[in-house]
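Novice: Dumping the structure here so I can ask a few things about it.
There are 2 protein chains.
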Amino acid sequence: MKESWSAFDTFEPHFRPLVVIELAKNTKEETKEWLTQRIVDKKKNGGAQLLVKPLVKEDGGKIDGNQNLYLVGASHLRLLLGAETVGLVKECNDNSMRTFTYSSRNTFKDFAEDNHDFLTMAECQYIIKHELENLRAKDERMIPGYPQAKLYPGKSILRRLLTSGILLQIFPLHDTEELKKLRYTWYGQVKISYQPLDEIRCYFGETIALYFGFLEYFTFALVPMALIGIPYYVFAWEDYDKYVMFASFNLLWSTVILEVWKRCCAIMTYRWGTLLMKRQFEEPRPGFHGVLGINAVTGKEEPVYSSIKRQIRIYLVSLPFVCLCLYFSLYVMMIYFELETWALNFHEENESSYSNLMLFVPSIIYAIVIEMMNRVYRYAAEFLTSWENHRLESSHQNHLILKVLVFNFLNCFASLFYIAFVLFDMKLLRQSLATLLITSQILNQFVEALLPYWLQKRHNTKVKKRVYSVKVDTDLSLFEQVNLEKEMGTYLGTFDDYLELFLQFGYVSLFSCVYPLAAVFAVLNNITEMYSDALKMCRVFKRPFSQPTANIGVWQLAFETMSVISVVTNCALIGLSPQVNALFPDSKTDLILIVVLAEHILLALKFVMAFVIPDKPRDIQIKLARLEFESLEALKQQQMKLAAESLKEETHGEKKMN
Amino acid sequence: MKESWSAFDTFEPHFRPLVVIELAKNTKEETKEWLTQRIVDKKKNGGAQLLVKPLVKEDGGKIDGNQNLYLVGASHLRLLLGAETVGLVKECNDNSMRTFTYSSRNTFKDFAEDNHDFLTMAECQYIIKHELENLRAKDERMIPGYPQAKLYPGKSILRRLLTSGILLQIFPLHDTEELKKLRYTWYGQVKISYQPLDEIRCYFGETIALYFGFLEYFTFALVPMALIGIPYYVFAWEDYDKYVMFASFNLLWSTVILEVWKRCCAIMTYRWGTLLMKRQFEEPRPGFHGVLGINAVTGKEEPVYSSIKRQIRIYLVSLPFVCLCLYFSLYVMMIYFELETWALNFHEENESSYSNLMLFVPSIIYAIVIEMMNRVYRYAAEFLTSWENHRLESSHQNHLILKVLVFNFLNCFASLFYIAFVLFDMKLLRQSLATLLITSQILNQFVEALLPYWLQKRHNTKVKKRVYSVKVDTDLSLFEQVNLEKEMGTYLGTFDDYLELFLQFGYVSLFSCVYPLAAVFAVLNNITEMYSDALKMCRVFKRPFSQPTANIGVWQLAFETMSVISVVTNCALIGLSPQVNALFPDSKTDLILIVVLAEHILLALKFVMAFVIPDKPRDIQIKLARLEFESLEALKQQQMKLAAESLKEETHGEKKMN
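Line by line, the protein sequences are chains X and Y.
Counting in this note's numbering, the first sequence runs from 79 upward without gaps.
Counting in this note's numbering, the second sequence runs from 79 upward without gaps.
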């Protein structure tokens, strides 16, 4: 085996390890040989035509235990052809964005046969992942060495290896040099600047860069709200007209920022090329199982699962479970309110600084309980959604997000709704809002980034000592790097990060007129959040695979829904405020009618604004239209050539007949 | 000239006239020669490669005046190649729908080299229209014979001829045999049946078939409402719960029918192939003018008009004008109410059957005035929209529809809103609603179909007598047919027909709980409407060019908006009804809060329903996905072949290097 690999090495003099494959310790030699053979095999034989190398110590020392770590790379040419396969979009010499094809490679900006930086490392790793995942069984009926791990023609080999536990993980390697540079520009300098989104995108891919872009955009968008909110706190403004002004501004502002974000997002993803990328036909997600059947779309053999069974699982199990959880959450809330009254009574009975402190205890306990419940529910939701057995990753994600969103929404805001619209206690509302907001922000930052960072650091030192006890403080060798990185946690996607922002948006907008300071806290939190998330990405987790994406997907809808709900809540709050009530001493009816009318006008205005503001800036629209026009023209040219030829033939034939 | 045409005739032994071109009487010979030459010229020389023939009398008699009518046809092969150019979608042998290409013609259902019915006549005429419109100037700087009619390379010749008044009109010929058959199946039989939508589509094209499909669907959808409405009228039900039930049913029902229509529409247009047709790049509309510049999308020379100038015209002229008209309309409404009070006083003073009749006079006058105002405003809106100088036909249409919709909506419903929410007079509301609905329905049917039909019939006899005084009651010759049809009115599109339905939908849904009988009248009207519209299409107007379309476009949005508004009005009406008010004797506030809550829940339910009901049935979704998958696969195959070749070369090169 060794010889053949080293022989293969000579094909690419500079083997650059891009992706690491970790197999189980006790994987049979037979399986390893088969897998590596399939990876290096020619495309025409059904291989991936990549380069693969077992991980060895630099000094040639022996590895304790079996060889189970492999490095995967590819020749430059192979990567370029792979870029064409996945449909990467790159900038051309004339500054337009076009789908990369190998034959037209010379028209692309910065392309040169010897320029190995034409594709970013993240793109190379994405290509390799795509090629590995598309390694499909030919005539194998099982994984060699594991007769129980069945295969069928067309089944992704890597997915089968993963589900049967032979493949432990596959992850892209960090580029220590690049990472150091990125860290420096991102959060290494003590100066205020925009985040290096393009660099983040090059290193981590579009999904993550888009999250950080959204975080930054959202923070900037909150600044006007925060600035307007400060004098309300400082001067304790409680007038009716100032309230209404603030709320109206907030509501229209939130529509504007969500619409403008779509435009910013289009500008960014156009520059990155993902706005133009064609969606590939989605494969079943790895966890999907079913009876072998014929896919109605592709006509290929693959597991099929009845849609009716899934509907039954969704509506008869998941939906009741979610409702039960929501009910439980409301029950916990009622307990919280009893505790609150108890604390208040306690404070009134024994007036002291101790009892004053006690006043905050129920809120803090409740915030912590909510945080815990959220986490437990999250596991349940993930389990249920997996059990619903969605065929597509996107549909799985949507169902998961919906479940989690509803529960989190209720958990975070039910108590506030109760205080506002049942107890009518604006003072308590303000206090609870502040406690919830600040507690959850501190807790999140701690649990999400600082704690893992500390654990990781401790662990790293331990691993380093064990693996290579001699040189601890010099640069890491590749062998050490791989061994360190494989132990790092896996970044599970941007879900939690968006969820956090979503809830924050709720705190800021739902009751904005009661607690104008919320935006200030949100801005402050988001600034530290940017740093702690950056730290998390660079230091705590394994490098994630890049994931091309053109927008923030279902989150856009979630944020827009929240902004619609906030119109209703804010109008209701203004209607309830004693200042406004004092203006209508005789007739409650008039007051309510005016509030309802205002609410309807605001809602209509929101919809009209969302409709009128175009989702893409004009120049991007023109660029997209030009691209579409060109491809239609090309098609027409081709067809016209064909038509002219046919007509020529026909005319010729008819002349003969005459 | 004659020789060359007759020589050309031999190319297609059976010349079938499809489209008629009418030039101005005094068109110069030079121009005629040039135009016909361009039409018959080869594609490669920039011609349309069609067949053209001057219209002659069958008996070889002399035509009075200059020759100015030409018949255009095409060889069967030319039409097939044209079908490929316009991107027609046809059914294949395996029952899937695919874009027609000439090279794969044998895979299509019913295709045979000698089957001239493979393309419907409407499709052939659409192809010829497309080819004629795409006849573009090459190096001509003007129309030969008319130095003031400037041209520039790429400008559509036909459009220039039209705007300079040389080309009077271009229209497709009726097929008398087919039309007779269609008339028989459509409205010739005295039996109740579905409309022959597929036949209508074959003869008139998709846009018109879709209108009749929508009319039929909408009528069926109204039947449940009508059935439920009848007992309310018969038994004079006035209970609170029955009111609420009817209104709730109505509101949810209207959401359901609009969502289900999308699905029906997708099924129909999939069968017709237009659901899959790719949108061609839109040319500027004929009336568009501007300075010659470079189009940012195509890079071609064409008139360019600054978007800012257009915005100024829209916001500084059109918008104020529309507002003024709306104000005027409200003013007229106030006069109507004064008249109404005057008539009431008059009736009270001299109680008689004459004065009783007087009670209805104001309503009838108002209905007629509204109808007249609508028509005048329509002309103004068309003028203003033309003056706004939109580049695209679609954008022109949208702005026109928006202007007309807003005005018509206010005109028709302002008085009803005033009666309902200012006067609180439910009895008057019911009476006005009935008068408005019935008057406008009768007026419409009369003005729209019966009057033109009668005029047309009188005119036809006159023309027939003049043209061919000998044989009046035998079948028409082609010469007579063309001369008859060219004098017929031009069908201006489905706009007015949809508008009528839209307003009817408003009458039915906005105040449904006050006047449940509205749906009954709507159903009755729609049944006669179907017949009168069919008569109009077959007998009154010139045959219109077929227009492929995949849905009813902006009207879907208009109907959905109306159904949202009707939730608000119905909830308000229920809240105002004395029966409901009697349930809350002490507290108006509780009543209003409950009504508002119910309204919000209904609105939320509507949005959830619209979101949950998929726009396309599952099998259509699968078919579309399969088509997309296949084209992606084809692309991938092509790329993989390319990649394999390149890799082979590279490996070869590297082996040499070793």
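Virtual Cβ for every residue (Gly too), placed ideally from N, Cα, C.
1. What is the rounded straight-line gap between the Cα of glutamine 523 of chain X and the Cα of alanine 445 of chain X?
2. Using DSSP's beta-bridge definition, name the partner residues of isoleucine 99 of chain X.
3. From the DSSP output, read off the bridge partner residues of glycine 369 of chain Y.
4. Give the straight-line distance between the Cα atoms of methionine 608 of chain X and leucine 353 of chain X, rounded to the nearest whole angstrom.
5. In terms of residues, what are the limits of the beta strand (DSSP E) holding leucine 129 of chain Y?
6. Does any C-beta atom of chain X lie closer than 8 Å to the C-beta of valine 439 of chain Y?
7. With C-beta atoms as the reference, is leucine 166 of chain Y less than 8 Å away from glycine 151 of chain Y?
8. Along the chain, where does the beta strand (DSSP E) containing methionine 175 of chain Y start, and where does it finish?
9. Residues in its own chain within less than 7 Å of glutamate 30 of chain X by CB, not counting five upstream and five downstream?
10. Taking Cβ to Cβ, would you say serine 43 of chain Y is nearer than 8 Å to glutamate 361 of chain Y?
11. I think phenylalanine 249 of chain X touches lysine 505 of chain X, with their Cβ atoms under 8 Å apart; what is that distance to the nearest whole Å?
12. Do you know how far the Cα of proline 95 of chain Y is from the Cα of histidine 537 of chain Y?
13. Indicate whether alanine 498 of chain Y and tyrosine 593 of chain Y have their beta-carbon atoms separated by less than 8 Å.
14. Rounded to the nearest angstrom, what separates glutamine 145 of chain Y and isoleucine 99 of chain Y at their Cα positions?
15. Since methionine 220 of chain X sits in a beta bridge, which residues does DSSP pair it with?
16. Less than 8 Å between CB atoms is the rule here; does isoleucine 670 of chain X satisfy it with respect to chain Y?
17. Using three-state DSSP, classify serine 407 of chain Y as helix, strand or coil.
18. Could you pull the DSSP bridge partners for phenylalanine 573 of chain Y from this structure?
19. Considering only the alpha carbon of each residue, which of Y:Thr376, Y:Val382, Y:Lys378, Y:Gly377 lies closest to glycine 368 of chain Y?
20. Can the beta-carbon of histidine 425 of chain Y be found less than 8 Å from the beta-carbon of serine 433 of chain Y?
21. Identify every residue that forms a DSSP beta bridge with glutamate 169 of chain Y.
22. When burial is assigned at 16 or more other CB atoms within 10 Å of the CB, is asparagine 423 of chain X buried or exposed?
23. Can you tell which of Y:Ile390, Y:Trp532, Y:Met411, Y:Leu417 has its C-alpha closest to the C-alpha of asparagine 467 of chain Y?
24. Give a yes or no on whether 8 Å exceeds the smallest Cβ distance from phenylalanine 502 of chain X to chain Y.
25. With DSSP run on the structure shown, which of helix, strand or coil describes serine 242 of chain X?
26. Going by DSSP in three states, arginine 214 of chain X sits in which element: helix, strand or coil?
27. So for aspartate 551 of chain Y, helix, strand or coil by DSSP?
28. Under 7 Å Cβ-Cβ, which residues of chain X neighbour alanine 344 of chain Y?
29. Evaluate contact between the segment 299-319 of chain X and the segment 215-231 of chain X, counting only Cβ atoms and requiring at least three cross-stretch pairs below 8 Å.
30. For phenylalanine 502 of chain X, which residues of its own chain have a beta-carbon under 7 Å away from its beta-carbon, when the five flanking residues on both sides are left out?
31. Select from the segment 464-477 of chain Y all residues with a C-beta closer than 7 Å to any C-beta belonging to chain X, and list them in chain order.
32. Check whether the segment 696-704 of chain X and the segment 662-682 of chain X touch, using three or more Cβ-Cβ pairs below 8 Å as the test.
33. What residues in its chain sit with their C-beta under 6 Å from that of methionine 411 of chain X, if we drop five residues either side in the sequence?
34. DSSP three-state label for arginine 94 of chain Y, please.
35. Quick one: which residues of the segment 684-701 of chain X get their C-beta closer than 7 Å to a C-beta of chain Y? List them in chain order.
36. Going straight from the alpha carbon of leucine 336 of chain Y to that of alanine 459 of chain Y, what length do you get?
Specialist: For this structure:
1. Cα to Cα, the separation comes out at about 14 Å.
2. X:Tyr148, X:Ile248
3. The question names glycine, but residue 369 of chain Y is valine in the sequence shown. Valine 369 of chain Y pairs with Y:Val382.
4. 25 Å
5. 129-132
6. no
7. no
8. 175-177
9. Residue 30 of chain X lies beyond the stretch modelled for chain X, which goes from 79 to 736, so this question has no answer here.
10. A question about residue 43 of chain Y goes unanswered here, because the residues of chain Y that appear run from 79 up to 736.
11. Incorrect: roughly 52 Å between the Cβ atoms, too far for contact.
12. Taking the straight line joining both Cα atoms gives about 24 Å.
13. no
14. Answer to the nearest angstrom: the Cα atoms are 11 Å apart.
15. Beta-bridge pairing links methionine 220 of chain X to X:Lys228.
16. yes
17. helix
18. According to DSSP, which records beta bridges pairwise, phenylalanine 573 of chain Y is partnered with nothing at all.
19. Checking every option, the nearest Cα to that of glycine 368 of chain Y belongs to Y:Val382.
20. The answer is yes: Cβ separation under 8 Å.
21. Y:Met175
22. exposed
23. Y:Ile390
24. no
25. coil
26. strand
27. Low local confidence applies: a pLDDT of 42 at aspartate 551 of chain Y is under 50, so the model's placement there is unreliable, with the coordinate-based value given in what follows. Three-state result, aspartate 551 of chain Y: coil.
28. Under the 7 Å cutoff, chain X gives no residues; its nearest Cβ is about 17 Å from alanine 344 of chain Y.
29. no
30. Leu654
31. none
32. Segments in contact, no.
33. Ala492, Ser493
34. coil
35. Ile700
36. 28 Å
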